[in-house]
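Be aware that the sequence shown starts at -7, since it is given in this note's numbering, and climbs by one per residue. In what follows, a single structure is set out as structure tokens and then discussed.
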Amino acid sequence: MAARGGFSSKLGFIAAAAGSAVGLGNIWQFPYVAGQNGGAAFLLIYVAWIFLIGLPVMVGEIAVGRRTLANPYGAYKQLGGKYWALVGLFGIICGVMILSFYNVVAGWAFGYFIQVSFGNILKEPDFAGYFNNYVADYTDNLIFSISFMILTAFIVYKGVQKGIEGTSKVLMPTLFIILILIIIYGLTLPNAMDGVNFYLIPNFDLINGATIYSALGQAFFSLSLGMGALITYGSYISKQDNIISSATMVTVADTMVAFLAGLMIFPLVFSQGQSPSEGPGLVFVALMGVFQTMDPLVARFVGGGFFLLLSFAALTSTISLLEVPVAFLVDEKKISRGKAVSIMAVIIFALGLPSMLGFGATEVFTSFMHYEGVTKSFMDVVQDVFFVVSLPLGGFLLSIFIATRWKNHNMSEEISHGNASYKGSIFEKFFNVMITFVCPVVLGIMFVLTMLQKFFG
Ligand code: PFF
């Protein structure tokens, strides 16, 4: 087992798992989704999902990983047999597909970092037009997303401790510092308080069924749940670690960064009278308009700092996404880490090409399908299938698996290593009730509603 590697300490795990959780989901997606869905009203629903459903599923995943010392496929197989192993395999496939499009967006962030810090992009007269051309032009995209994938592959190749843990321990604190500095700067700008008010005064009129399940999908994606990333990371932690406190810290850190990302972005956006409900272009269009109004040198630092932050956040997530299929190949196919990393990086990069070409470069992938009353690009469809629908489904299956197959008392046994007072405590009762009743029922209902709304509406 030693060959699989492992985290050096509890802190190492927390940095890596928080690194996985904190990503584009927090800094790119959360603010624009909250901006479109009632600000703090969305935040409240999101936080409820995170702590009531997300945290118990995270604890379950980590416990399964540490118990089996295996990748998601191997873990389900060991505890549940060959049919349950398919659930693990499906999780790995979701991870592969998520990374395929995630790497494209990470490439945009990285490209913007280079251009804002060192190029002339801030002189552009029309950022919306620029962004549309930029994402449609696959030559630039190709270069930046290949670079990003190579960087990810290199870190994963370096191994769990030196690569993943080492990188996360440096990037996570740096990210936090950049975030705080930009927040402080933003709050000093004129009209910043309008942004704070927009963000923090809830508008419940914008909440409906669709908002509630999009908050659930967002919560699962943000915590990296439902596809076995935390089974994999859990398989690298020590028996002495306290799973409950580690999972709680990761969850709190992730939620905090999403919250702070909103607090960074809305004051900036309002200070220049930009629209807070811009959508996916919020950081690439509205924020650029904000940076443009600054002194050119300050703009290079604040704007460059922002896109560097976004790239760092993405990188600690892409490494966790790549680690999942790599762990699978290393454990199950007994091939070397280097070979597994190269094979997966190439396959995943290739799978991402249609996503990259779906922003105007080619018509087929741009208008790939039509449902929910709108035309969807290839990337939209991959997101709907492998993240919005599948991650909560993965959480549903995990909780059913623990409740009916692995059994609560085995989960309690695993958690009680490193947490001697767990058994018989109120925490044990809470997690057992959540995993056995609340998660299966709620996630099952949400799955059916999401499918109906998305594909049969
Ligand atoms: N949690 C990441 C984010 O919020 O951007 C995305 C993610 C990473 C999802 C790793 C799933 C995963 F396994």
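For each residue, glycine too, the CB sits at the ideal point set by N, CA and C. None of the values given here were measured: they were computed from a predicted structure.
- With a 10 Å radius around the Cβ and a threshold of 16 neighbouring Cβ atoms, N200 comes out exposed.
- Taking a cut-off of 6 angstroms from the heavy atoms of the ligand PFF, the residues with a C-beta inside it are S12, A13, G15, L16, G17, N18, G87, I90, F213, S214, S216, M219, A221, S309, S312, L313.
- With fewer than 16 other CB atoms across the displayed protein chains lying within 10 angstroms of its CB, A342 is exposed.
- The beta carbon of H409 sits closer than 6 angstroms to those of K231, all from its chain and outside the five residues before and after it, given in chain order.
- Of A353, I223, F276, E364, the smallest CA-CA separation from T442 is found for E364.
- Of the residues A32, M50, I340, the one whose Cα lies closest to the Cα of A10 is M50.
- A contact between stretches requires three or more CB pairs, one per stretch, nearer than 8 angstroms, and the stretch 15 to 24 fails this requirement with the stretch 172 to 190.
- W41 and Q21 have their C-alpha atoms roughly 17 angstroms apart.
- A straight line joining the alpha-carbon of A239 with that of I392 spans about 20 angstroms.
- Pairing A211 with G87 gives a Cβ-Cβ distance that is not under 9 angstroms.
- Note on V96: 16 or more other CB atoms within 10 angstroms of its CB, so buried under the neighbour-count rule.
- In this model, L289 and V108 are separated by some 10 angstroms (Cα to Cα).
- For Y228, the secondary structure class from DSSP, reduced to helix, strand or coil, is coil.
- In this model, F419 and N402 are separated by some 15 angstroms (Cα to Cα).
- By the CB criterion at 9 angstroms, I236 and N400 fall outside the cutoff.
- T60 carries a helical assignment under DSSP once its states are collapsed to helix, strand and coil.
- Nearest to Y205 by alpha-carbon distance, out of L81, L435, D287, F447, is L435.
- Leaving aside the five residues that flank G83 on each side, the residues in its chain whose CB is nearer than 6 angstroms to its CB run, in chain order, P64, M219, G220, G386.
- Within the stretch 357 to 382, the complete beta strand (DSSP E) segments of 3 residues or longer fall at 361 to 363, 366 to 368, listed in chain order.
- Three or more beta-carbon pairs separated by less than 8 angstroms are not found between the stretch 143 to 160 and the stretch 119 to 134, which leaves the two stretches without contact.
- At the C-beta level, L255 and F105 stay beyond 9 angstroms of one another.
- Here V433 is exposed: its Cβ has fewer than 16 other Cβ atoms, across all protein chains shown, within 10 Å.
- Around the beta carbon of V242, 16 or more other beta carbons lie within 10 angstroms, which makes this residue buried.
- Bounds of the alpha helix (DSSP H) holding S312 are 288 to 324.
- Look at Y414 here: in three-state DSSP terms it is coil, with no helix or strand label.
- With a 10 Å radius around the Cβ and a threshold of 16 neighbouring Cβ atoms, Y75 comes out exposed.
- Just measuring C-alpha positions, the residue of L444, Q28, V373 sitting nearest F196 is Q28.
- Here DSSP, grouped into helix, strand and coil, assigns M241 to helix.
- When C-beta atoms of the stretch 157 to 166 are compared with those of the stretch 306 to 318, three or more pairs fall below 8 angstroms, so the two segments count as touching.
- In the assembly as shown, M336 is a buried residue. Its beta-carbon has 16 or more other beta-carbons within 10 Å.
- With a contact defined as Cβ atoms closer than 8 angstroms, S312 and Y225 qualify at about 7 angstroms.
- Between L171 and V249, the gap from beta carbon to beta carbon is short of 9 angstroms.
- The beta carbon of I113 sits closer than 6 angstroms to the beta carbons of Q107 from its chain, once the five residues preceding and following it are set aside; these are given in chain order.
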